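In our numbering, the protein residues as written are 453 to 911. Just so you know, even glycine gets a beta-carbon here, dropped at the ideal spot from N, CA and C. On a predicted model such as this, the values are computed, not experimentally measured, just so you know. The structure appears right after this line, and notes come after that.
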Amino acid sequence: MYDTRLGQLATEKNLFKLTVLIMLLMPLSEIVTDILCNFSEFIFPSVFQPILFGFYGIIGTLAVLLFKSVELTDKRKAGNWYWADVFYLIFVFFMIISAVFSKNPGVYSDGDVFVGENPLHFLAYFALFFSGSRIKSAEYRKKLVMVLLAISLIQGVVAFFQTFNIEIAYCLLVRHDRAAYGLTQNSNYYGGLSVFLLAGITGTYLFCEKICKHKAFRYLLPVLAGLVFYTMMGSRARLAWIGFGVMVFFYIVSGLVMLKGKVSREVLKRFFIRTAVILAVFAAVFAVTHFTTNFFSEEIQRTQAEIDGTVDAGLGSDRLLNWKYGLESIPHHWVTGIGLDNYTEVFFENPNWTKGSYYMAKAHNEYLHVLATQGVFAFIAYVFILFRTIVISVRKVFCGGDDTVQALDWVFLGMLVTYAAQASLNCGVINVAMYCWLTAGLLNPCDSPLNHKNNKQNN
């Protein structure tokens with residue numbers, strides 16, 4: 453039976469508000485925490501982010517259940533099911549399986565609460581994915597882009613000062629001297645986040661007329677892009693360059709494909725002029741950074757030392773050794789995985805590993821991390837969903853339709869592709885991955901129900 457009171461709560465507007473709230477609360481709460489930890493020895497950087505995101509996992513899941521129950525009981529919506537619903541259920545199913553059959557139940561990332569992803573955090577990811585699929589209004593989607601730009605500015609300003617060793621508090625996890633880590637507590641994590649946000653800024657600039665008509669906005673975007681690009685380089689995260697290369701390649705190829713489409717000459721001219729402008733900004737920032745800092749010389753020397761074997765960490769900061777242990781564990785736990793975010797067990801159970809030897813809590817490759825911790829079937833589902841999302845989005849972008857919707861899809865697709873590239877060398881952590889899950893949901897809008905036959909009969 454359809455309850456109109458529940459229907460008034462389960463609206464796209466409320467889902468949008470809840471999504472924006474958690475998007476902004478995560479970085480802003482970290483600023484407050486960093487300030488407070490200067491006055492109390494009992495407060496540490498990032499101490500509230502896992503709690504806050506876990507709480508959203510509960511609230512977000514309740515919102516999902518409410519929204520879907522209203523859809524199923526509202527005759528006007530014909531009890532429709534969508535691909536996003538199927539994906540959501542798949543995500544939840546494999547999360548439960550890997551958590552239940554974990555080799556070390558209840559322990560995530562070796563007990564490190566600052567980087568661990570527990571079930572509540574996964575539910576938060578899935579809630580963001582579901583919410584993105586239900587936020588279909590172009591106006592709400594444009595506002596989400598604006599929120600992401602605001603987050604880019606917040607993170608970028610904080611990270612900029614960190615490259616001069618000016619910090620609000622201190623870095624709790626990993627950071628080199630003068631390295632940017634933003635509000636993530638790890639320069640590698642910030643490298644992945646910054647290039648993801650940079651893809652959003654770049655895409656918004658290329659299609660800004662469809663997102664915001666203010667001229668000042670158009671002129672400010674290259675400045676913001678330059679700031680975030682500088683902090684990306686300042687993170688010293690080599691993985692960020694993989695994402696950056698894929699981002700540039702994606703937008704250049706997109707422009708070349710547009711030449712064969714039904715795009716007006718005016719739009720094409722504007723696109724390629726702006727592409728040249730943004731590339732010039734990147735080149736200028738790169739040149740200034742290269743001649744005024746030692747960011748690049750340090751990274752080149754570190755990489756060469758890893759290749760030569762003159763430092764303790766192997767190539768890629770021991771990623772190859774890390775991956776070796778992960779791959780060797782898969783045949784033993786290929787159905788359920790070794791345990792939800794329980795990657796340390798791939799070392800502990802290996803007969804070649806001895807106490808006190810090297811081990812890591814993350815695979816430093818999100819795809820291998822899913823494969824080792826959640827199993828082969830979860831990995832296949834994860835890759836299939838990612839691949840399908842990208843393919844379907846590309847088709848939608850190039851098949852015409854509403855210009856604003858196309859522009860927004862282009863921006864979100866550029867961000868997702870960029871994230872997917874840097875994820876091959878990075879870890880999934882809540883204050884970075886959350887935005888990717890939302891973007892994936894936005895690229896899986898609930899436009900066409902799976903039960904077409906029932907839908908037609910009801911219409």
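Nearest to Asn556 by C-alpha distance, out of Leu792, Leu865, Phe839, Val835, is Leu792.
Sequence-distant Cβ neighbours of Phe747 in its own chain, meaning closer than 7 Å and more than five residues away, are Met685, Gly686, Arg688, Thr741.
Three or more Cβ pairs closer than 8 Å define a contact, and the region 874 to 892 meets that threshold against the region 490 to 509.
Collapsing the DSSP output to three states places Asn638 in a strand.
For the pair of segments examined, the region 510 to 527 was found not to touch the region 797 to 813: the number of CB pairs separated by less than 8 Å stays below three.
Between the alpha carbons of Asn794 and Thr654 lies a gap of roughly 36 Å. Within the DSSP secondary-structure output, Val626 pairs in a beta bridge with Asn638. Between Ala651 and Tyr633, the gap from beta carbon to beta carbon reaches 8 Å or more.
Between Ser900 and Ile694 a beta carbon distance of about 34 Å is seen, past the 8 Å cut, so the two are scored as non-contacting. Membership of Asp486 in the alpha helix (DSSP H) is indicated by the continuous run 464 to 488. Look at Thr745 here: in three-state DSSP terms it is coil, with no helix or strand label.
Leaving aside the five residues that flank Ile487 on each side, the residues in its chain whose CB is nearer than 8 Å to its CB run, in chain order, Ile620, Ala621. CA-CA distance, Lys721 to Tyr834, rounds to 38 Å. Within the region 663 to 690, no run of beta strand (DSSP E) at least 3 residues long lies entirely inside it. Here Val597 has Gly652, Thr656, Ile663, Leu860, Val863 as same chain residues with Cβ atoms under 8 Å from its own Cβ, once five neighbours each way along the sequence are excluded. The residue from Val719, Cys851, Leu711, Val705 with its alpha-carbon nearest to that of Val869 is Val705. Ranked by Cα distance from Tyr642, the options Pro479, Thr755, Thr841, Val822 are led by Pro479. For Ser521, the enclosing alpha helix (DSSP H) covers residues 501 to 525. Taking the Cβ atoms as the reference, Phe500 lies roughly 10 Å from Cys489, outside the contact range of under 8 Å. Gln460 counts as exposed, since fewer than 16 other C-beta atoms from the protein chains shown sit within 10 angstroms of its C-beta. Scanning Tyr811, Ala830, Val516 for the CA closest to the CA of Glu818 turns up Ala830. The alpha carbon of Ala551 has as its nearest neighbour, out of Val787, Asp855, Arg847, the alpha carbon of Val787. Scanning its chain for C-beta atoms nearer than 7 Å, with the 5 sequence neighbours on each side dropped, one finds around Phe582 the residues Val516, Ala536, Tyr540, Gly893, in chain order. Around the CB of Ile832, fewer than 16 other CB atoms lie within 10 Å, so the residue is classed as exposed. Contact check for Val881 against Val567 passes: the beta carbons are separated by less than 8 Å. Val538 places its beta carbon 8 Å or farther from that of Phe578. The beta carbons of Ser561 and Lys814 sit closer together than 8 Å. The beta carbon of Phe659 sits closer than 7 Å to those of Ala859, Trp862, Val863, all from its chain and outside the five residues before and after it, given in chain order. Under the DSSP assignment, Ser876 falls outside any alpha helix (DSSP H); it carries neither an H nor an E label.
Note on geometry: alpha-carbon atoms of Arg754 and Leu514 lie some 47 Å from one another. Between the region 588 to 606 and the region 461 to 481 there are three or more C-beta pairs closer than 8 Å, enough to call the two in contact. Taking Tyr811 as the centre and dropping the five residues before and after it, the same chain places the C-beta of Thr796, Phe799 closer than 6 Å to its C-beta, in chain order. The C-alpha of Ala602 lies about 30 Å from the C-alpha of Phe494.
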